[in-house]
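The listed protein sequences derive, respectively, from chains A and B.
Each residue of the first sequence is one higher than the one before, starting from 1 at the first, in this note's numbering.
Each residue of the second sequence is one higher than the one before, starting from 1001 at the first, in this note's numbering.
Cβ coordinates follow ideal geometry from the N, Cα and C atoms, glycine included.
Protein chains: 2
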Amino acid sequence: MNPRRRFCYNKAGRSKKVKDGQSRFQVEVAFISSLSDHIERYIKALLDQAGQGGLEIRRTELAELFECVPSQINYVLKTRFNSERGYIVESRRGGGGYIRIVRLEPRHPQGICSWIYQAIGDSIGMDEAEALLVRLLDHDYLSRQDALVIRSLLAEETEQLKPAYAGRVRASLLRSMLILLLHGSGNGR
Amino acid sequence: MNPRRRFCYNKAGRSKKVKDGQSRFQVEVAFISSLSDHIERYIKALLDQAGQGGLEIRRTELAELFECVPSQINYVLKTRFNSERGYIVESRRGGGGYIRIVRLEPRHPQGICSWIYQAIGDSIGMDEAEALLVRLLDHDYLSRQDALVIRSLLAEETEQLKPAYAGRVRASLLRSMLILLLHGSGNGR
DNA sequence: GTTTTGTTGGTCAAGAAAGGTCAGATCCCA
DNA sequence: TGGGATCTGACCTTTCTTGACCAACAAAAC
Chain A
1 MNPRRRFCYN KAGRSKKVKD GQSRFQVEVA FISSLSDHIE RYIKALLDQA GQGGLEIRRT
61 ELAELFECVP SQINYVLKTR FNSERGYIVE SRRGGGGYIR IVRLEPRHPQ GICSWIYQAI
121 GDSIGMDEAE ALLVRLLDHD YLSRQDALVI RSLLAEETEQ LKPAYAGRVR ASLLRSMLIL
181 LLHGSGNGR
Chain B
1001 MNPRRRFCYN KAGRSKKVKD GQSRFQVEVA FISSLSDHIE RYIKALLDQA GQGGLEIRRT
1061 ELAELFECVP SQINYVLKTR FNSERGYIVE SRRGGGGYIR IVRLEPRHPQ GICSWIYQAI
1121 GDSIGMDEAE ALLVRLLDHD YLSRQDALVI RSLLAEETEQ LKPAYAGRVR ASLLRSMLIL
1181 LLHGSGNGR
């Protein structure tokens, strides 16, 4: 393995230390310092330029740009561009492969999604689910009709399950339906 | 092999890159980039124009249009226009040979929701789910964005599960999300 | 009516071209 | 100084593209 000149990209963007002798402490801004953080910022900058359709990147190119291994890109995507944070990542392997990143426009105050993730957790009971729906209803994050449909689907889909699984499946279902409503197109087509 | 000027057809249709210097990545729409994808889109465009009876093509002609080997066309047909995705392909060899492609409307006496229930069943694999989404997309029952979100949620919610449960949970999730979109307040279908 | 020849489309497997996964090494901060 | 966050590299899977060879059908030749 040839010794790599790492962090090449960062020459411009990383935090600077003050010249030797002047001070032993970092004085410049840019606390953000890890490679992952830089890749994250770079992708976000690209996303800002991109339209609704999102952004398409080549894993290898990006890795070359930052002089890191390709799997580093996966790490960044997994930790920073997951759906809890409001992103969707799709990819395809093989010739013409790509990674597409879409930022879901928060049609509601950001934070509501991660709040939902937290509130639901790994498993949730019917009562808690109901309480959560009521709460979302009260705050107008949810329409009456959607709440009705969700309620009925939750019941229908979990009634046959053993309690142990029911809670988990219910959590999955509730989470998915809510996220879909919050992020989906709102009107088909 | 003479160096081929590939993607001739695509001159007009392919995605634009941002001006040099701005970014090395595609930021505009229409990302789809492989030859197969272009052939797929071309055929679908033809299908949209064609009536109920479907579309008839010459394998060789199409291959010439895209400057590829004829078997590439078979690949596209096999992977994108199979019966799982709701297409029927028949062909005849010899002089006057042809390939006919027919797109089947997903129909059920009781309507699209019943069709969905039936198509999903108790358990469904990721591939089947994908095919179903594509089919609904092709027929405009679903928006791109919703499909994107559903796909990503399906993957996320089932990735940790043992295959035996994953199929069932996936079925529940897919069914619920689709029914919610169709019956919820978002659109009146 | 056969046989031959030309015209189409079909199959399959090899190789190329992406991206994915995962365990272990490292880094870094409380 | 221990644990979580990062990084790396070896190895894997998926998807696409190509070309050699095969099979079916039609029209011409016999």
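- Boundaries around L1055/B are those of the beta strand (DSSP E), L1055 to I1057, since no alpha helix (DSSP H) includes it.
- In this structure, E90/A and L1148/B form a Cβ contact; the two beta carbons are roughly 7 Å apart against a cut-off of 8 Å.
- Interface criterion not met: the Cβ of S1071/B is under 7 Å from no Cβ in chain A.
- Counting of Cβ neighbours within 10 angstroms places E1061/B among the exposed residues, the total staying below 16.
- CA-CA distance, A1119/B to L1132/B, rounds to 8 Å.
- For G184/A and R1058/B, the gap between their C-alpha atoms comes out near 40 Å.
- At a cut-off of 7 Å between C-beta atoms, E157/A counts as an interface residue with respect to chain B.
- At a cut-off of 7 Å between C-beta atoms, G125/A does not count as an interface residue with respect to chain B.
- Leaving aside the five residues that flank V1102/B on each side, the residues in its chain whose CB is nearer than 6 Å to its CB run, in chain order, G1054 and I1088.
- For S1091/B, the uninterrupted beta strand (DSSP E) segment begins and ends at Y1087 to R1092.
- One finds nothing in chain B with a Cβ atom closer than 8 Å to the Cβ of S114/A; even the nearest lies about 14 Å away.
- Minimum Cα-Cα distance from G1125/B among the listed residues L1161/B, P1109/B and G1097/B corresponds to L1161/B.
- For L1136/B, not one C-beta of chain A is nearer than 7 Å to its own C-beta.
- Residue pairing of I39/A in beta bridges, as defined by DSSP: absent, with no partner found.
- For I1150/B, the uninterrupted alpha helix (DSSP H) segment begins and ends at R1144 to T1158.
- According to the DSSP assignment, Y1117/B belongs to no beta strand (DSSP E) but to the alpha helix (DSSP H) extending over I1112 to I1120.
- Taking the beta carbon of H38/A as reference, no residue of chain B falls within 7 Å; the closest one sits roughly 16 Å away.
- I73/A sits in a helix when the DSSP states are folded into three classes.
- Separation of the CB atoms of I1116/B and L1181/B is rounded to 10 Å, and the pair is thereby denied contact status at 8 Å.
- Using beta-carbon distances, S1083/B does not count as an interface residue toward chain A, since no partner is under 7 Å.
- With 16 or more other CB atoms across the displayed protein chains lying within 10 angstroms of its CB, A1129/B is buried.
- The three-state secondary structure of R1100/B, taken from DSSP, is strand.
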